[in-house]
Structure formats: structure tokens, C-alpha cells
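Each protein sequence line maps, in turn, to chains A and B.
So the first sequence is numbered by our numbering: it starts at 1 and just counts up by one.
So the second sequence is numbered by our numbering: it starts at 1 and just counts up by one.
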Amino acid sequence: MMTTISNEKKVTNKDLMQIMWRSLPMEFGWNYERQMHLAFAYMMAPLMKKLYHGDQKEYTESLERQMEFFNCTPQLVPFIGGVVASMEEKNAEDKDFDVSSISAIKTALMGPLSGIGDSLFLGTLRVLAVGIAASLSLKGNILGPMIFLLTYNIPAYLVRYFGVKVGYNIGTSYLERIQKSGLMDKFKDAAGILGVMVIGAMTQNMVVVKVVAKFGTGKTATSLQSILDSILPGLLSLLVLYIFYVLNKKKVNVLWQLLGATIIGVLLTAWGILGV
Amino acid sequence: MSNLGTALLIGLVGFVGPLDFAIGSNMLNRPIILGPLVGLVLGNLSQGIIIGASLELVFMGAISVGAYLPPDVIVGGVLGTAFAISLGKGVGAAIAIAMPIAMLSLAIGNLTSVIFPAIAHIGDRYAKEGKPGGITASMWGIGLIECTRRGILCFLGYYAGSAGMKALLSVIPQNIINGLQVAANMLPAIGFAILLEMIMNKTVLPYFFLGFLLSAYLKVPVLGVALFGLIIVFVRFHSDQNRAVVSTNGSSQEDVNDDDDF
Numbered sequence: 001m002m003t004t005i006s007n008e009k010k011v012t013n014k015d016l017m018q019i020m021w022r023s024l025p026m027e028f029g030w031n032y033e034r035q036m037h038l039a040f041a042y043m044m045a046p047l048m049k050k051l052y053h054g055d056q057k058e059y060t061e062s063l064e065r066q067m068e069f070f071n072c073t074p075q076l077v078p079f080i081g082g083v084v085a086s087m088e089e090k091n092a093e094d095k096d097f098d099v100s101s102i103s104a105i106k107t108a109l110m111g112p113l114s115g116i117g118d119s120l121f122l123g124t125l126r127v128l129a130v131g132i133a134a135s136l137s138l139k140g141n142i143l144g145p146m147i148f149l150l151t152y153n154i155p156a157y158l159v160r161y162f163g164v165k166v167g168y169n170i171g172t173s174y175l176e177r178i179q180k181s182g183l184m185d186k187f188k189d190a191a192g193i194l195g196v197m198v199i200g201a202m203t204q205n206m207v208v209v210k211v212v213a214k215f216g217t218g219k220t221a222t223s224l225q226s227i228l229d230s231i232l233p234g235l236l237s238l239l240v241l242y243i244f245y246v247l248n249k250k251k252v253n254v255l256w257q258l259l260g261a262t263i264i265g266v267l268l269t270a271w272g273i274l275g276v
Numbered sequence: 001m002s003n004l005g006t007a008l009l010i011g012l013v014g015f016v017g018p019l020d021f022a023i024g025s026n027m028l029n030r031p032i033i034l035g036p037l038v039g040l041v042l043g044n045l046s047q048g049i050i051i052g053a054s055l056e057l058v059f060m061g062a063i064s065v066g067a068y069l070p071p072d073v074i075v076g077g078v079l080g081t082a083f084a085i086s087l088g089k090g091v092g093a094a095i096a097i098a099m100p101i102a103m104l105s106l107a108i109g110n111l112t113s114v115i116f117p118a119i120a121h122i123g124d125r126y127a128k129e130g131k132p133g134g135i136t137a138s139m140w141g142i143g144l145i146e147c148t149r150r151g152i153l154c155f156l157g158y159y160a161g162s163a164g165m166k167a168l169l170s171v172i173p174q175n176i177i178n179g180l181q182v183a184a185n186m187l188p189a190i191g192f193a194i195l196l197e198m199i200m201n202k203t204v205l206p207y208f209f210l211g212f213l214l215s216a217y218l219k220v221p222v223l224g225v226a227l228f229g230l231i232i233v234f235v236r237f238h239s240d241q242n243r244a245v246v247s248t249n250g251s252s253q254e255d256v257n258d259d260d261d262f
């Protein structure tokens with residue numbers, strides 16, 4: 001069938017290893033708006049060039065896709081990179097593939113994997129490594145720092161190495177099955193549902209807007225935030241998200257949105273309405 | 001060595017520490033590692049190891065989880081260790097110095113990080129032109145500014161002493177610092193809004209609110225929300241599949257109940 005063409009555009013083990021190595025600067029270039037997106041795009045860029053070789057429009061679109069909001073425990077990112085690689089590969093082969101499911105799956109994975117990864121690596125492994133190393137270090141023994149690094153990093157790199165392979169294999173096998181059973185539309189819905197649920201939860205958790213203004217004076221003063229919280233905790237986060245959603249729909253330049261948010265944030269804080 | 005030379009080397013440690021983010025977040029920037037490096041600079045390795053480990057235990061909780069940014073352990077740890085060794089006051093002094101400096105560095109970091117999204121948008125422009133080199137460059141741009149900021153803070157901090165550090169903080173009005181933090185806390189919403197715009201349609205809209213409400217009222221963590229999502233997706237898939245099987249068997253009734261199988 002599509003032998004020669006599709007072979008060129010197949011993801012090889014070498015590509016996966018490249019994703020693994022390129023996942024290393026994941027916390028470099030971090031910013032408040034889209035967090036790890038630059039590093040994620042850096043990680044995926046060579047594969048995009050290979051998969052969409054010869055189609056400039058598809059290629060640039062794929063690059064822009066990799067630049068979306070991303071945040072996850074760095075050690076688990078190669079796994080997501082593997083999954084995304086399998087989906088991009090499918091997208092390059094199949095013109096009917098819905099690209100929004102790539103964003104949806106990526107989003108659905110990053111939230112939960114951050115939860116698992118942070119508690120595993122930062123909560124458990126790091127504490128374990130400090131625990132093992134501290135007694136030596138506190139005696140001034142240089143073995144302490146070394147043991148700390150080895151205890152933390154050997155598992156960390158194993159997870160990166162196997163993660164990218166496992167992610168790619170899971171991605172391809174599921175996509176194969178879904179496509180054969182003609183359930184691609186359903187898959188898109190499923191990915192979308194998972195994606196927006198995770199975004200909903202992340203909005204509630206990560207977009208923080210706190211009102212410090214109070215009604216009344218002295219002892220009878222009631223905090224406005226406590227009233228809002230009794231209605232719906234995170235109501236204002238929802239409002240902020242909605243404002244940005246509308247601005248995006250109206251194609252307002254993101255730089256203006258950033259600048260506006262910064263100025264409004266500073267002003268509302270200076271007037272004593274919002275606070276940290 | 002002169003005070004200036006030593007301060008430059010301390011600054012270098014502060015610059016190299018955050019470079020760890022570029023090579024795999026290997027925990028090379030923790031006090032337990034940077035402490036010994038500061039010790040080397042000041043000619044007292046074993047004190048560096050000891051103070052570094054003590055600071056590590058104190059700063060155990062200061063680690064970035066999700067979008068939460070902790071006090072700057074890198075600058076705090078480097079300067080805390082440096083002052084403790086050079087003043088000969090030991091671990092207690094290191095902790096007393098490190099904490100306020102870490103808070104100060106976080107505040108200054110919030111100030112400089114205002115420009116990072118703008119740098120990231122240069123990367124967007126290159127992505128649009130199909131030039132990934134520009135993405136890499138913006139990543140390094142942001143990363144190196146962060147390294148430089150910390151390097152300069154460590155250098156200045158050591159050179160000026162802890163009194164000088166406090167004076168530096170008082171130059172910036174607290175209102176502005178808080179305001180920038182307030183704004184920064186809202187910014188992830190821009191990223192989420194862009195993502196939502198891509199995924200959103202009528203079918204999935206209610207589930208956005210489901211995720212939000214599960215988190216708001218029931219305090220379900222993100223992982224839990226995703227697991228609930230998996231169940232919903234599974235149930236939908238399953239019932240749709242059954243319906244598809246039934247209709248291909250010739251029974252065209254749309255409202256066939258799944259339980260008819262039994």
C-alpha cells in the first residue's frame with residue numbers, strides 16, 4: 001500500500017530517543033502564561049519537520065500546536081511526547097484526523113501526570129534521597145551530595161527513557177484500534193471531554209484571584225471573598241478565564257491581554273481590591 | 001582572594017545553579033549541592049557540605065509544584081551558605097539569612113518574569129514561519145535571563161552584604177510587588193483560554209463545568225477529576241458501541257436500552 005512514502009514519515013526509535021534527550025530543558029524558558037510550552041515545542045520540533053516534510057502549512061501548524069500551554073513533572077514529559085508523536089504520525093498519514101484531539105489528549109494527560117509525577121518525584125523520591133544523603137552530608141562527607149544525586153536521578157532517567165517508548169506504543173496501538181473500529185469521532189469527543197474536565201479543574205486550582213476588600217468597618221466587616229467562596233469557590237477564576245476566552249475569540253493580540261492583565265492586576269491591588 | 005573576586009565566583013555559582021533546568025532538572029540547584037560549591041569557592045568544602053545539607057532540610061518544602069512558585073532556594077541557599085561560612089557563624093546564621101533572601105529573590109523574580117511571555121511570543125512568530133530555531137532561542141533567552149538574574153543577585157548580595165540586600169528590597173514598593181504577583185496568578189487563564197478555544201464544542205462544554213465544580217465544591221484533585229472523566233468517557237463509548245451493534249443487526253430502534261441484552 002503506502003509503502004515508500006509512509007516509511008519515510010514513520011517515527012523511529014531514533015526519533016523517540018531524540019524526544020527523550022530534548023525533554024531535558026523542560027523547566028527552562030518557563031513563563032507564567034504558557035509555562036513549559038517553549039521547551040515542549042523544542043522537544044517535538046525535529047519530529048514535526050520529519051513528519052510534515054514537504055508541506056510547509058502542515059509543518060507550521062504542527063509547530064504552533066506544540067506551543068500551546070504545557071506544564072507537567074519534567075520526568076514524565078517524554079511519555080507525553082511519545083503519545084503526541086504517535087498522534088502526529090497518524091495525523092501526517094491521515095488527512096481526516098482531527099488535530100484538536102492532539103491538544104485534548106495532551107491536556108488530559110498533563111494534569112493527572114503532574115499530580116502523580118510531583119508526588120512521586122518531588123514528594124517521595126527527593127525526600128528519600130535527602131534522607132539517605134543528609135546524615136553523611138551533615139558530617140561533611142562529600143559522598144552525601146553524590147548519593148543524593150544518584151538516588152534521585154537514576155530512577156528519573158529510567159522513567160524518561162522508558163516513558164517515551166511506552167507512550168508511543170500505547171498511542172499507536174490505541175489509535176490503530178480506534179481507526180479500525182470507525183470510532184474516530186467518538187474518540188475525538190472522548191479526548192475533548194477529558195481535556196476540558198482537566199482544564200476546568202486546573203482553572204479552579206491554578207488561576208488564583210483573591211479579593212481582599214471588605215464590607216463594613218471594624219468588627220462587623222465581612223470579607224467579600226468569603227461571600228464569593230460560599231457561592232462558588234473560584235467564581236472569579238471562572239470569570240477571568242471567560243474574559244480571556246472572549247478576548248481570544250475576538251482575536252485580541254495575546255500581548256495586549258498580558259499587558260492589560262498586568263496593569264489591571266497592579267491597579268486593583270493598589271486600590272486594595274485584590275491581594276495575594 | 002579579594003572580596004570582589006570572591007563575590008564574582010559566588011555570583012557564578014548562582015548563575016550555574018539554575019542552568020540545571022536546561023540539562024534535565026537533576027536537582028543540581030538544591031542547597032545540598034550548591035552548598036559544597038560555595039564551600040569550594042570560600043575554601044571550606046566540608047562546612048559547605050554541612051551547611052548545604054542543613055539548608056536542604058529547612059527548605060525541604062520549597063519546591064515548585066504545579067504553578068506554585070516557592071521562595072528562591074537557589075539564591076537563598078547560595079548566599080545563606082556564603083555568609084554563614086565567611087562570617088564564621090555556622091548553620092543557624094545560614095538559615096536566618098537564607099529565608100528572607102529567598103523571599104526577596106522570589107519578589108525580584110516576579111518583577112523580571114513580567115517580560116517572559118513577551119519573549120515567548122517572539123517564539124510564536126518563528127513557529128508561524130516554520131523556524132524552530134526561534135523557539136529554541138526564546139527558550140534560552142528566558143532561561144538565561146533567569147540564570148543571569150540569580151547570578152547578579154548572588155554577586156551583589158555577597159558584595160553588598162545582607163544589609164544591602166534589604167535596602168534593595170525597600171526600593172520597590174510592596175504594592176507593586178503584590179500587584180505583579182496578583183497579575184501573575186491570573187495569567188495561566190490565558191493559556192487555558194487558548195486551549196479551550198481549540199477543544200471546545202457543544203458536546204464537551206458541560207464537562208468543563210463538571211471538572212471545575214468537582215474541584216471547587218468537592219476539592220477533588222486534578223488526577224481525581226481525570227479519573228472521573230475516564231469513567232464518563234468509558235460509559236459513553238460503551239453505550240454508543242452497543243447501540244451501533246444493535247443497529248447493524250437490523251433493529252433500527254434508536255432508543256434500544258442497553259439492558260435488553262439480558
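Just so it is clear, CB atoms sit at the ideal spot from N, CA and C, and this is done for glycine as well.
Self-check item: Continuous alpha helix (DSSP H) stretch holding residue 115(A): start and end
Solution: The residue labelled residue 115(A) in the question sits at position 115 within the first sequence. Where residue 115(A) is concerned, the enclosing alpha helix (DSSP H) stretches over 100-117.
Quiz item: Can you list the alpha helix (DSSP H) stretches of 4 or more residues lying completely in the region 1-41 of chain B, in chain order?
Solution: 3-16 and 31-41
Exercise. Compare the beta carbon distance of residue 154(A) and residue 132(A) with 7 Å and say whether it is the shorter of the two.
Key: Counted from its first residue, the first sequence places residue 154(A) at position 154. Counted from its first residue, the first sequence places residue 132(A) at position 132. Not a contact, by the Cβ cut-off of 7 Å.
Exercise. Return the CA-CA distance between residue 138(B) and residue 43(A), expressed in angstroms with no decimal places.
Key: Taking the second sequence and counting its residues from 1, the one referred to as residue 138(B) is at position 138. Taking the first sequence and counting its residues from 1, the one referred to as residue 43(A) is at position 43. Spanning the two alpha carbons is a distance of roughly 14 Å.
Quiz item: Whose C-alpha, out of 126(B), 154(B), 198(B) and 102(B), is nearest the C-alpha of residue 72(B)?
Solution: Position 72 of the second sequence holds residue 72(B). For residue 72(B), the nearest C-alpha among the options comes from 102(B).
Quiz item: Is there a Cβ from chain A that is less than 7 Å from the Cβ of residue 222(B)?
Solution: Position 222 of the second sequence, counted from the first residue, corresponds to residue 222(B). Cβ-Cβ to chain A under 7 Å: yes for residue 222(B).
Quiz item: So is residue 67(B) buried or exposed if we call it buried at 16+ other beta carbons inside 10 Å?
Solution: Stepping through the second sequence from its first residue, residue 67(B) is reached at position 67. In this prediction, residue 67(B) has a pLDDT of 46, which is less than 50 and means its spatial position is unreliable; nothing more can be read from the coordinates.
Exercise. Return the CA-CA distance between residue 224(A) and residue 212(A), expressed in angstroms with no decimal places.
Key: On the first sequence, position 224 is the one that residue 224(A) refers to. On the first sequence, position 212 is the one that residue 212(A) refers to. Spanning the two alpha carbons is a distance of roughly 7 Å.
Practice problem: Give the interface partners of residue 87(A) over in chain B, defined as CB-CB distance under 7 Å, in chain order. | Solution: The sequence position of residue 87(A) within the first sequence is 87, counting from 1. The contacting residues do not exist; residue 87(A) stays about 14 Å from chain B at best.
Quiz prompt | Residue-chain proximity (residue 77(A), chain B), Cβ-Cβ < 7 Å | solution = One-based indexing of the first sequence puts residue 77(A) at position 77. Cβ-Cβ to chain B under 7 Å: no for residue 77(A).
Quiz item: Does the beta carbon of residue 11(A) sit closer than 7 Å to a beta carbon anywhere in chain B?
Solution: Position 11 of the first sequence, counted from the start, is the residue given in the question as residue 11(A). By this cut-off, residue 11(A) is not an interface position.
Quiz item: If the cut is a Cβ gap below 7 Å, which residues of chain B does residue 227(A) touch?
Solution: In the first sequence, counting from the first residue as 1, residue 227(A) sits at position 227. Scanning chain B for C-beta atoms nearer than 7 Å to the C-beta of residue 227(A) yields nothing, as the closest lies near 15 Å away.
Quiz prompt | Closer than 7 Å at the beta carbon, the chain A residues around residue 24(B) | solution = Translated into positions along the second sequence, residue 24(B) becomes position 24. Chain A residues near residue 24(B): 24.
Practice problem: Measure the alpha-carbon distance for residue 308(A) versus residue 49(B) and round it to whole angstroms. | Solution: Nothing can be reported for residue 308(A), as the shown portion of chain A is limited to 1 through 276.
Quiz item: For residue 120(A), which residues of its own chain have a beta-carbon under 8 Å away from its beta-carbon, when the five flanking residues on both sides are left out?
Solution: As a position in the first sequence, residue 120(A) is number 120, starting the count at 1. Closer than 8 Å at the Cβ level, and outside the excluded window around residue 120(A), lie 73.
Quiz item: Which partner residues of residue 31(A) appear in the DSSP bridge assignment?
Solution: Locating residue 31(A) in the first sequence gives position 31, counting from the first residue. DSSP lists 35(A) as partners of residue 31(A).
Exercise. Examine the Cβ distances between the region 142-152 of chain B and the region 232-239 of chain A and report whether three or more of them are shorter than 8 Å.
Key: no
Quiz item: Tell me, which residues are paired with residue 81(B) by DSSP?
Solution: Position 81 of the second sequence holds residue 81(B). Looking at the DSSP assignment, residue 81(B) forms no beta bridge with any residue, so it has no partner.
Exercise. Examine chain A for any beta-carbon lying closer than 7 Å to the beta-carbon of residue 132(B), and answer yes or no.
Key: Here residue 132(B) refers to the residue found at position 132 of the second sequence. Residue 132(B) counts as touching chain A.
Self-check item: Short CB-CB distance (under 7 Å) between residue 81(B) and chain A
Solution: If you number the second sequence from 1, residue 81(B) lands on position 81. So, not an interface residue.
Quiz prompt | Under 7 Å by beta carbon: chain B residues contacting residue 238(A) | solution = Translated into the one-based positions of the first sequence, residue 238(A) becomes position 238. Here the neighbours are 212.
Quiz item: So is residue 173(A) in contact with chain B if we call contact Cβ pairs under 7 Å?
Solution: Within the first sequence, residue 173(A) is the residue found at index 173, counting from 1. Cβ-Cβ to chain B under 7 Å: no for residue 173(A).
Quiz item: At least one CB of chain A closer than 7 Å to the CB of residue 198(B): is that the case?
Solution: Within the second sequence, residue 198(B) is the residue found at index 198, counting from 1. Yes - at least one Cβ of chain A is within 7 Å of the one on residue 198(B).
Quiz item: Between 133(B), 156(B), 124(B) and 113(B), which lies nearest to residue 177(B) when the distance is taken from Cα to Cα?
Solution: Within the second sequence, residue 177(B) is the residue found at index 177, counting from 1. If we check each option's Cα against that of residue 177(B), 113(B) comes out closest.
Quiz item: So the alpha helix (DSSP H) residue 89(A) belongs to, where does it begin and stop?
Solution: Indexing the first sequence from 1 puts residue 89(A) at position 89. Looking at the DSSP string, the run of the alpha helix (DSSP H) that includes residue 89(A) is 77-93.
Quiz item: Quick one: which chain B residues come within Cβ less than 9 Å of residue 134(A)?
Solution: Counting from one through the first sequence, the residue named residue 134(A) turns up at place 134. Those within 9 Å of residue 134(A) in chain B are 32, 53, 54, 56 and 57.
Practice problem: Please check if any C-beta of chain B sits within less than 7 Å of the C-beta of residue 153(A). | Solution: The count along the first sequence starts at 1 and reaches residue 153(A) at position 153. It does: the Cβ of residue 153(A) has a partner Cβ on chain B nearer than 7 Å.
Quiz prompt | Residues that residue 275(A) bridges to, as DSSP identifies them | solution = For the purposes of this step, residue 275(A) is identified with residue 275 of the first sequence, where counting begins at 1. Note: residue 275(A) sits in a beta bridge opposite 210(A).
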